[in-house]
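Please read the structure below before turning to the comments.
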């Protein structure tokens, strides 16, 4: 039996009268690279934050690596990496110091990997975090989330602010890190071409639930159209 | 290895890659006993998920076109099963059907198509 990395059962979450998640079920087996697709405001960020135990759903169960998200142990947290959509890092620190500071939390920090990424992504070590551009901040946040080589990586719109070169490098990094059966990656996006390369499975979030979840190739075998067309089809109001 | 991946197509990436490896085996670009790139290397080269490459290799191994030698890598099988050859012919036939249809629309007769084919194949 494949163990599940992420398990969401009947998750509901609303903000005031606005229902965002309406009984969402999702089970992600270990080792898969799942692309989470949804329109703006469909609840991708809310779902990821519920999965991580950063916000508490009104009902339902959320588990990561076999533990309840709300009471994750320190050991489980060491095996998880997360890059939020809105990146909030210590503005006053120099990049070099922020990396050193973060590495101190993790006994398994991979200095070689981090050094390689710093070079490949041209991370400005001597700059302060505050004035960095959105794209530079995103690279830095990804680097900080990868340093301890997490078993489970959750990325909320990770490539949205990256230039084409950095995006390709980032996608290749994820591909390289996602060894079959070893590391689980969930990333939300609305860029379907990124998802088609990196992900092996796809979950489509619509009306607060997972409207479709499965292997990307199965979706295409069923529909014979591109992922983008499937996605548009599912949201075509005139056909419902 | 020369393989192209088209992400915005309706054909699954696994199928695209499998078809191109089959074609390269049929045309002799890949010869029996040739070693294929590792899953990780091909995934990096094509910038696609490693699971995708793994599934392609597994599928082609099940078809008898490839052989996976434990700890050593993936190779083109020494003896390609005859069913595989038939499948190749079938693939080619499908393409020829398309050419024939196009020729009809353009008003080019069979004789002319044969001549063109001879030209191209030289």
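Chains as they are written, first to last, in the working numbering: chain L, 245 to 484; chain U, 848 to 969. Just so it is clear, CB atoms sit at the ideal spot from N, CA and C, and this is done for glycine as well.
Nearest candidate by alpha-carbon position, reference residue i, set the options
{"i": "residue 275/L", "options": "442/L, 478/L and 462/L", "result": "442/L"}
{"i": "residue 339/L", "options": "316/L, 380/L, 325/L and 305/L", "result": "380/L"}
{"i": "residue 267/L", "options": "328/L, 306/L and 331/L", "result": "306/L"}
{"i": "residue 264/L", "options": "271/L, 247/L, 459/L and 282/L", "result": "282/L"}
{"i": "residue 937/U", "options": "852/U, 873/U, 857/U and 848/U", "result": "873/U"}
{"i": "residue 909/U", "options": "924/U, 892/U and 960/U", "result": "924/U"}
{"i": "residue 849/U", "options": "951/U, 856/U and 876/U", "result": "876/U"}
{"i": "residue 851/U", "options": "948/U, 857/U, 918/U and 867/U", "result": "867/U"}
{"i": "residue 957/U", "options": "965/U, 947/U and 966/U", "result": "947/U"}
{"i": "residue 887/U", "options": "472/L, 471/L and 417/L", "result": "417/L"}
{"i": "residue 434/L", "options": "352/L, 295/L, 428/L and 329/L", "result": "329/L"}
{"i": "residue 934/U", "options": "881/U, 897/U, 860/U and 912/U", "result": "912/U"}
{"i": "residue 371/L", "options": "396/L, 260/L and 342/L", "result": "342/L"}
{"i": "residue 878/U", "options": "921/U, 854/U and 959/U", "result": "921/U"}
{"i": "residue 394/L", "options": "428/L, 384/L, 411/L and 273/L", "result": "428/L"}
{"i": "residue 939/U", "options": "869/U, 959/U and 857/U", "result": "869/U"}
{"i": "residue 900/U", "options": "960/U, 855/U, 859/U and 969/U", "result": "859/U"}
{"i": "residue 450/L", "options": "321/L, 421/L and 290/L", "result": "290/L"}
{"i": "residue 486/L", "options": "447/L, 452/L, 480/L and 476/L", "result": "This structure cannot settle anything about residue 486/L, because the visible part of chain L is limited to 245 through 484."}
Bounding residues of the beta strand (DSSP E) (the contiguous stretch that carries residue i)
{"i": "residue 956/U", "result": "Premise fails: residue 956/U is in no beta strand (DSSP E) and is neither H nor E."}
{"i": "residue 916/U", "result": "913-916"}
{"i": "residue 303/L", "result": "303-308"}
{"i": "residue 249/L", "result": "248-259"}
{"i": "residue 197/L", "result": "Because residue 197/L is not part of the residues shown, which for chain L are 245 to 484, the question remains open."}
{"i": "residue 447/L", "result": "445-450"}
{"i": "residue 923/U", "result": "920-923"}
{"i": "residue 281/L", "result": "277-281"}
Endpoints, the alpha helix (DSSP H) within which residue i is located
{"i": "residue 346/L", "result": "339-347"}
{"i": "residue 465/L", "result": "460-467"}
{"i": "residue 905/U", "result": "897-909"}
{"i": "residue 382/L", "result": "378-390"}
{"i": "residue 436/L", "result": "436-442"}
{"i": "residue 477/L", "result": "471-478"}
{"i": "residue 892/U", "result": "886-893"}
{"i": "residue 356/L", "result": "355-364"}
{"i": "residue 877/U", "result": "Where residue 877/U is concerned, there is no enclosing alpha helix (DSSP H), given that its DSSP letter is neither H nor E."}
{"i": "residue 318/L", "result": "318-322"}
{"i": "residue 263/L", "result": "Looking at the DSSP string, residue 263/L is not in any alpha helix (DSSP H); the run it does join, the beta strand (DSSP E), is 262-273."}
{"i": "residue 411/L", "result": "408-421"}
{"i": "residue 403/L", "result": "First-last for residue 403/L: undefined, no H or E at that position."}
{"i": "residue 292/L", "result": "288-296"}
Per-residue burial, residue i [other beta carbons within 10 Å of its own, 16 or more giving buried]
{"i": "residue 402/L", "result": "buried"}
{"i": "residue 245/L", "result": "Summary for residue 245/L: the model assigns pLDDT 43, below 50, so the residue's position carries little reliability; its value from the coordinates is reported in the next sentence. Counting Cβ neighbours within 10 Å, residue 245/L comes out exposed, since fewer than 16 surround it."}
{"i": "residue 916/U", "result": "exposed"}
{"i": "residue 392/L", "result": "buried"}
{"i": "residue 943/U", "result": "exposed"}
{"i": "residue 325/L", "result": "buried"}
{"i": "residue 332/L", "result": "exposed"}
{"i": "residue 902/U", "result": "buried"}
{"i": "residue 349/L", "result": "exposed"}
{"i": "residue 284/L", "result": "exposed"}
{"i": "residue 302/L", "result": "exposed"}
{"i": "residue 882/U", "result": "exposed"}
{"i": "residue 344/L", "result": "exposed"}
{"i": "residue 216/L", "result": "Look at the range of chain L in this structure, 245 to 484, and you will see that residue 216/L is not part of it."}
{"i": "residue 382/L", "result": "buried"}
{"i": "residue 279/L", "result": "buried"}
{"i": "residue 397/L", "result": "buried"}
{"i": "residue 466/L", "result": "exposed"}
{"i": "residue 323/L", "result": "buried"}
{"i": "residue 904/U", "result": "buried"}
Distance cut-off 7 Å: residue i Cβ against heavy atoms of the ligand PLP
{"i": "residue 252/L", "result": "This structure lacks the ligand PLP, and indeed carries no ligand of any kind."}
Note down, in chain order, all residues in the segment 413-440 of chain L with a beta-carbon under 7 Å from any beta-carbon belonging to chain U. 415, 416, 419, 420, 422, 423, 424, 437 and 440
Closer than 8 Å between beta carbons: that is the criterion. Which residues of the segment 874-886 of chain U meet it against chain L? 886
Residues within the segment 458-469 of chain L neighbouring chain U, beta-carbon criterion of under 9 Å: 459, 460, 461, 462, 463, 464, 465, 467, 468 and 469
Select from the segment 275-300 of chain L all residues with a C-beta closer than 9 Å to any C-beta belonging to chain U, and list them in chain order. Near chain U, meaning a CB-to-CB distance below 9 Å, the residues of the segment 275-300 of chain L are 275, 276 and 277.
Could you name the residues of the segment 848-865 of chain U whose beta carbon sits closer than 8 Å to any beta carbon of chain L, in the order they occur along the chain? 852, 854, 855, 856, 857, 858, 859, 860, 861 and 862
When Cβ atoms are compared, which residues of the segment 388-411 of chain L fall closer than 8 Å to chain U? none
Just by C-beta distance, which residues in the segment 900-919 of chain U are closer than 7 Å to chain L? 901
Note down, in chain order, all residues in the segment 355-375 of chain L with a beta-carbon under 8 Å from any beta-carbon belonging to chain U. The residues in question: there are none.
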